[in-house]
Every structure is written in structure tokens, then in C-alpha cells.
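Below is one structure, written out as C-alpha cells, with a few remarks after it.
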Amino acid sequence: EAGVAQSPRYKIIEKRQSVAFWCNPISGHATLYWYQQILGQGPKLLIQFQNNGVVDDSQLPKDRFSAERLKGVDSTLKIQPAKLEDSAVYLCASSSPTVTDTQYFGPGTRLTVL
Amino acid sequence: DAKTTQPNSMESNEEEPVHLPCNHSTISGTDYIHWYRQLPSQGPEYVIHGLTSNVNNRMASLAIAEDRKSSTLILHRATLRDAAVYYCILDGTASKLTFGTGTRLQVTL
Numbered sequence: 013e014a015g016v017a018q019s020p021r022y023k024i025i026e027k028r029q030s031v032a033f034w035c036n037p038i039s040g041h042a043t044l045y046w047y048q049q050i051l052g053q054g055p056k057l058l059i060q061f062q063n064n065g066v067v068d069d070s071q072l073p074k075d076r077f078s079a080e081r082l083k084g085v086d087s088t089l090k091i092q093p094a095k096l097e098d099s100a101v102y103l104c105a106s107s108s109p110t111v112t113d114t115q116y117f118g119p120g121t122r123l124t125v126l
Numbered sequence: 424d425a426k427t428t429q430p431n432s433m434e435s436n437e438e439e440p441v442h443l444p445c446n447h448s449t450i451s452g453t454d455y456i457h458w459y460r461q462l463p464s465q466g467p468e469y470v471i472h473g474l475t476s477n478v479n480n481r482m483a484s485l486a487i488a489e490d491r492k493s494s495t496l497i498l499h500r501a502t503l504r505d506a507a508v509y510y511c512i513l514d515g516t517a518s519k520l521t522f523g524t525g526t527r528l529q530v531t532l
């Protein structure tokens, strides 16, 4: 079974530029998550989708971050404009609805904002 | 969300057992105890979970205290590939993981 795919793996941009990350979840997984992981910290949930609907985006900085999951499969996360503090690893995860919803993570995209 | 407390770091010798503790004194009756680990430059991966009874799988064992206020992840024979950050997470809403800073496990020869 293929895992969660993310691209690109690395991205370097200058502040005020825009950037987009792509995620392809495990086939059949209805729930998709985007996390932000700042160096030295645990991942922090940004947004959770159930199929193509948003379940939780309470920690998404909506003035600059946006995410979509068209057709309930792939997802993109966009930052516009980027700030220095957005430098982090952006992780995508997916899960299939069960009692405990084990999440499967992709390798992440490391973003550096200069 | 109920909070967990883990040591910042631990060390182990290769091929010896490792016991990683987690305190969760405010756990509620419906909270599952999850463990994930994150190897260097990778996303987190699921290790094990439990509710009340001890659990075993191919990766590890989970020992849960009778009062459920603490638990211990047991790696029976640590290898260099087990060097990672281990996260203990309580999940009462069946889909929302709140990660702390975890325990960084170092394994030496």
C-alpha cells in the first residue's frame, strides 16, 4: 500500500512570496490533516478535512494560509504572503474512520523563508 | 485536551529494553493512549495505542497503570533504528492528536 505522498520535499522562498504544498493521501482515506512542525516542537494541527469538507481549521492563520481538498482526495496548502516565522516542516497525514483513527504521515515539506 | 508529561530525553544501549514513561493524571475515561514516534527527517509514525489493558504489537508493548494516570512504552530490544522522538498522546475525540515535545531517545552501541 502506497503511503502519503507530499511534494515538494524542500522549498526555499523569500518573505512575502507565496508557496504551495501538495499532498496525496492513502487511497480510501477520508480524513486528511495538515500539520506545521517548527524545529524542536511537536507537530501542530493546522486543518483537518473529512472528504472535501473542513472539520477543524481553528489553528489555521487564515489571513495568510489557505487549504483545499477538491474532490475529497488530493489537497493543497498555500501560504501567501510568507513570513519568516512560517519556516517549518509541513506534514500531511491521512486516516480512515475507525474508533481510534490511526494517522499515517507523509515525509513532510521543509520550508525555509529568508 | 488532557495533558501528558514525558521526560525530554532518554538514553539506552543497543539490544537492551527501553521503558519510556508518560504521565497523564487528568486522563478521562474515554481517552485512548497513543504513542507515535518520529525518526530523523521523517513524519511521525504510529507505534501503539491502548485504552485500559496492556497491549503488544510487533513494534512495542504498552503498559497502562491500573488507575490509567500513567503508561509506559516498552521497546524490548532497542536498536539504532529506534532512535527517535517518542510522543505520548491522549485522544478522546477519535481523530485529534495534540503533540507535545515528546521524549528524544538516543540509542548507543
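In the order they appear, the protein sequences are chains A and B.
Using our numbering, the letters of the first sequence correspond one by one to residues 13 to 126.
Using our numbering, the letters of the second sequence correspond one by one to residues 424 to 532.
Every residue, glycine too, gets a C-beta built ideally from N, C-alpha and C.
C-alpha gap between residue i and residue j, whole angstroms
| i | j | result |
| --- | --- | --- |
| residue 478 (chain B) | residue 457 (chain B) | 11 Å |
| residue 92 (chain A) | residue 123 (chain A) | 13 Å |
| residue 49 (chain A) | residue 18 (chain A) | 15 Å |
| residue 115 (chain A) | residue 29 (chain A) | 31 Å |
| residue 57 (chain A) | residue 454 (chain B) | 19 Å |
| residue 467 (chain B) | residue 51 (chain A) | 14 Å |
According to DSSP, residues forming a beta bridge with residue i
| i | result |
| --- | --- |
| residue 434 (chain B) | B:529 |
| residue 101 (chain A) | A:49, A:122 |
| residue 117 (chain A) | A:105 |
| residue 513 (chain B) | B:456 |
| residue 461 (chain B) | B:508 |
| residue 61 (chain A) | A:44, A:66 |
| residue 18 (chain A) | A:35 |
| residue 23 (chain A) | A:123 |
Span of the beta strand (DSSP E), counted from its first residue to its last, around residue i
| i | result |
| --- | --- |
| residue 89 (chain A) | 87 to 91 |
| residue 470 (chain B) | 468 to 473 |
| residue 72 (chain A) | Segment: none, residue 72 (chain A) is in no beta strand (DSSP E) and carries neither H nor E. |
| residue 442 (chain B) | 441 to 446 |
query: For the segment 63 to 81 of chain A against the segment 427 to 434 of chain B, are there 3 or more C-beta pairs whose distance is under 8 Å?
result: no
- prompt: Do the segment 33 to 42 of chain A and the segment 99 to 106 of chain A make contact, defined as three or more Cβ pairs closer than 8 Å?
  reply: yes
- prompt: Three or more C-beta pairs closer than 8 Å, one from the segment 521 to 531 of chain B and one from the segment 478 to 492 of chain B: is that the case here?
  reply: no
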